[in-house]
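This note's numbering numbers the first residue of the sequence shown as 19 and each following residue consecutively. Beta carbons are placed, not taken as given, at the ideal position from N, Cα and C, and that holds for glycine. These notes are about the structure you will find just below.
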Amino acid sequence: MLVCHCNLITQKEIEQVIVGLLDNDPWQLIVPAKVYHTLKKRGRCCGCFPNVVETIIRVTEEYHRRLGAGETEIVPFLDRVRGLRGQYGSSSHEGRKTDHRAA
Ligand code: FES
Numbered sequence: 019m020l021v022c023h024c025n026l027i028t029q030k031e032i033e034q035v036i037v038g039l040l041d042n043d044p045w046q047l048i049v050p051a052k053v054y055h056t057l058k059k060r061g062r063c064c065g066c067f068p069n070v071v072e073t074i075i076r077v078t079e080e081y082h083r084r085l086g087a088g089e090t091e092i093v094p095f096l097d098r099v100r101g102l103r104g105q106y107g108s109s110s111h112e113g114r115k116t117d118h119r120a121a
């Protein structure tokens, strides 16, 4: 599934980059710009960032559950990751409404 129409980036590519970044440092905070930089791309309209943030949250959560990290470590870390919604959420881009997103 195509997530970023400006750069033609698929969901699978984004997931693979996130896992690769987490393999390097499982506790780093991944933001959309870091994912795009790794792919040697740049956000243009950035309308895809809310979906990228949701992918980061989902993949990071699954990664840490597989890693077997304890709840006391995971919960505060995932709270930080979920905090990206406030920073990159759909309400902060281009004046689009929340119902604009196709996915
Ligand atoms: S859709 Fe990703 S930068 Fe425009």
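Annotation for HIS23 indicates a beta carbon within 8 Å of some heavy atom of ligand 1. PHE67 has its Cβ nearer than 8 Å to a heavy atom of ligand 1. Between the alpha carbons of GLU31 and GLU72 lies a distance of about 14 Å. Counting the other CB atoms within 10 Å of its CB gives ASN69 a total of 16 or more, which places it among the buried residues. By the criterion of a C-beta distance shorter than 7 Å, CYS24 is surrounded in its chain by ARG62, CYS63, once the five residues flanking it on both sides are discounted.
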